[in-house]
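Shown next, in structure tokens, is the structure this report addresses.
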Amino acid sequence: MKHLRILRIILAILFLVASVAALIWGSDVHPAAAVAERSQILPSALSVTAGAALVWLVITFLFGRFYCSTVCPVGTLSDLSLRLRRLLSRRSPLKFAYRHPSRIGKHVLWIYLACVVIGVVGVPFLIEPWNIMRNAAATVRPDAVHSTWTMLGVSAIAGMVGGLVALALIVVSSLIWGRRFCTDICPLGTMMGYVSNYSLYHIEIDRDCCSSCGICEQVCRASCIKVVSRYVDNARCIRCLDCLTACPDGAIHLQINRNRPATPLMMRKKANKPT
Numbered sequence: 116m117k118h119l120r121i122l123r124i125i126l127a128i129l130f131l132v133a134s135v136a137a138l139i140w141g142s143d144v145h146p147a148a149a150v151a152e153r154s155q156i157l158p159s160a161l162s163v164t165a166g167a168a169l170v171w172l173v174i175t176f177l178f179g180r181f182y183c184s185t186v187c188p189v190g191t192l193s194d195l196s197l198r199l200r201r202l203l204s205r206r207s208p209l210k211f212a213y214r215h216p217s218r219i220g221k222h223v224l225w226i227y228l229a230c231v232v233i234g235v236v237g238v239p240f241l242i243e244p245w246n247i248m249r250n251a252a253a254t255v256r257p258d259a260v261h262s263t264w265t266m267l268g269v270s271a272i273a274g275m276v277g278g279l280v281a282l283a284l285i286v287v288s289s290l291i292w293g294r295r296f297c298t299d300i301c302p303l304g305t306m307m308g309y310v311s312n313y314s315l316y317h318i319e320i321d322r323d324c325c326s327s328c329g330i331c332e333q334v335c336r337a338s339c340i341k342v343v344s345r346y347v348d349n350a351r352c353i354r355c356l357d358c359l360t361a362c363p364d365g366a367i368h369l370q371i372n373r374n375r376p377a378t379p380l381m382m383r384k385k386a387n388k389p390t
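Position one of the sequence shown corresponds to residue 116 (this note's numbering), numbered consecutively onward.
Below you can see the structure in the form of structure tokens.
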């Protein structure tokens, strides 16, 4: 799993660079930029074929929210912010703890869907990850969002400011709380969380191998691991795979079957047979 995590990190960086290139210079600047844009859920969902959106739906159902840890540019930016925090505070390393699921994400999702249905597209343009990056990129390439905000009767400067503010808030929240935006605010993350909760492959903690050291809970940027009960909230898990490589006992796996204690806690005594 260590090699899989390294591959995920490499792909995340490549997708981030290609996404930024597509947003600033256009998707025709390089084939990788075109691939990055077509791999995003929202642009695909708004197209005629919706191919990438359907592909990510299947991938999420099979393996979980790898989109959030690999392809989403906002997610990778959040991870880079966390990395910077850890480099700057090595004497007091950043540690996370399990956090109960919040209902904020559900409310945001309903508001997001309602705005899409009734045509209030300004809200989705401000809170959806790809659009956040588009708005922020307008500082360099204003024509990228000019037509969108002009159609809404608002200056493109409003979208640019909204994107910069959103990115700033995401970076700050990442430095403090990790992937809180992805698990509690992002409407796409919430939607994929419903699917990921029933994914075929899921993160499991082997109860017989776990020594309760708590390292996996401390490194979990989604705050979805509860060591005391050997529980992983796969709906919020973004599949960063940090816990798998950090576990000193090798007790965490991405697998199909559910774990149960191999060591019996109680054994029923056989009744004595009459002589």
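Glycine included, C-beta positions come from ideal geometry on N, C-alpha and C.
Keeping to the same chain, check which residues put their C-beta closer than 7 Å to that of residue i; ignore five residues upstream and five downstream.
i: S288; result: R295 and F296
i: G277; result: L241 and N250
i: R373; result: E319
i: Y401; result: Outside the displayed range of the chain (116 to 390) lies residue 401, so it cannot be described from this structure.
I need the straight-line Cα distance from residue i to residue j, nearest angstrom please.
i: L126; j: T185; result: 6 Å
i: Y213; j: S338; result: 5 Å
i: A350; j: E332; result: 16 Å
i: L359; j: L199; result: 21 Å
i: C236; j: D364; result: Residue identity differs from the one stated: residue 236 is Val in this sequence, not Cys. Each residue's Cα considered, the two are about 48 Å apart.
i: I226; j: I139; result: 29 Å
i: M306; j: R180; result: 10 Å
i: S201; j: D357; result: Reading the sequence as shown, one finds Arg at residue 201 and not Ser. The straight-line gap from Cα to Cα measures roughly 14 Å.
i: C362; j: V144; result: 42 Å
i: S134; j: S193; result: 15 Å
i: I367; j: K117; result: 12 Å
i: Y309; j: P216; result: 13 Å
i: I369; j: S204; result: Checking the sequence shown, residue 369 turns out to be Leu, not Ile. In a straight line, the C-alpha of L369 is about 30 Å away from that of S204.
i: V163; j: V170; result: In this prediction, V163 has a pLDDT of 48, which is less than 50 and means its spatial position is unreliable; what the coordinates show is noted afterwards. Going by the C-alpha atoms only, they are around 14 Å apart.
i: F176; j: I371; result: 12 Å
i: M275; j: A253; result: 6 Å
i: R383; j: L129; result: Note on R383: pLDDT 44, under 50, position unreliable in the model; no value is reported.
i: C283; j: I174; result: A small fix is needed here, since residue 283 is Ala in this sequence, not Cys. Near 30 Å, if we compare the C-alpha coordinates of I174 and A283.
i: V132; j: I285; result: 18 Å
i: K388; j: C328; result: Confidence at K388 is low in this model, with a pLDDT of 48, below 50, so the placement of that residue is unreliable and no value is reported for it.
i: G293; j: R256; result: 29 Å
i: L197; j: V334; result: 11 Å
i: L303; j: F211; result: 23 Å
i: L228; j: D258; result: 27 Å
i: I330; j: G234; result: 46 Å
i: P239; j: L157; result: 10 Å
i: C183; j: C230; result: 23 Å
i: L195; j: I124; result: 10 Å
i: A281; j: L172; result: 26 Å
i: L209; j: R354; result: 19 Å
i: Y313; j: L122; result: 24 Å
i: L279; j: L290; result: 17 Å
i: R336; j: V232; result: 33 Å
i: D348; j: P146; result: 37 Å
Tell me which residues share the same chain as residue i and place their Cβ nearer than 6 Å to its Cβ, disregarding the 5 neighbours each side in the sequence.
i: Q155; result: W245
i: W346; result: Residue 346 is actually Tyr in this sequence, not Trp. Taken in chain order, the list of residues that qualify is empty.
i: A137; result: A148, A151 and E152
i: S106; result: This structure cannot settle anything about residue 106, because the visible part of the chain is limited to 116 through 390.
i: R120; result: L356 and T360
i: T298; result: A337 and R351
Give me the DSSP bridge partner(s) of residue i.
i: H145; result: Per DSSP, none; premise fails for H145.
i: L369; result: I318
i: V170; result: DSSP output for V170 lists no bridge partner at all.
i: V135; result: Partner(s): none; V135 has no beta bridge.
i: V347; result: I340
For residue i, I'd like the list of residues in its chain whose CB is within less than 8 Å of its CB, leaving aside the five on either flank, ordered along the chain.
i: M300; result: Just to set this straight, residue 300 is Ile in the shown sequence, not Met. Once the five neighbours on either side are set aside, the close Cβ partners of I300 are I219, G220, V223 and I242.
Against chain B, does residue i count as a neighbour if the rule is that its beta carbon must be under 8 Å from one of theirs?
i: G190; result: In the displayed structure, chain B is absent; only one protein chain is listed.
Would you say residue i touches the ligand SAH, meaning its beta carbon is less than 7 Å from a heavy atom?
i: L197; result: Among the ligands in the structure shown, none appear at all, so the ligand SAH cannot be discussed.
Quick one: complete beta strand (DSSP E) runs, 3+ long, within the stretch 273-345? Counting whole runs of 3 or more residues, the stretch 273-345 contains the beta strand (DSSP E) stretches 317-320.
Stretch-stretch touch, CB-based, cutoff 8 Å, three pairs: the stretch 310-329 with the stretch 337-352: Judged by Cβ distances under 8 Å, the stretch 310-329 makes contact with the stretch 337-352, as three or more pairs qualify.
Counting beta carbon pairs with one atom in the stretch 232-245 and one in the stretch 188-196, are three or more of them shorter than 8 Å? Touching, per the Cβ criterion.
For the pair the stretch 144-151 and the stretch 322-335, tell me if three or more CB-CB distances fall below 8 Å. A contact is defined here as three or more CB-CB pairs under 8 Å, and the stretch 144-151 fails this definition with respect to the stretch 322-335.
Give, in chain order, every unbroken run of the alpha helix (DSSP H) that is at least 4 residues long and sits entirely within the stretch 204-256. Counting whole runs of 4 or more residues, the stretch 204-256 contains the alpha helix (DSSP H) stretches 219-233, 237-242 and 244-252.
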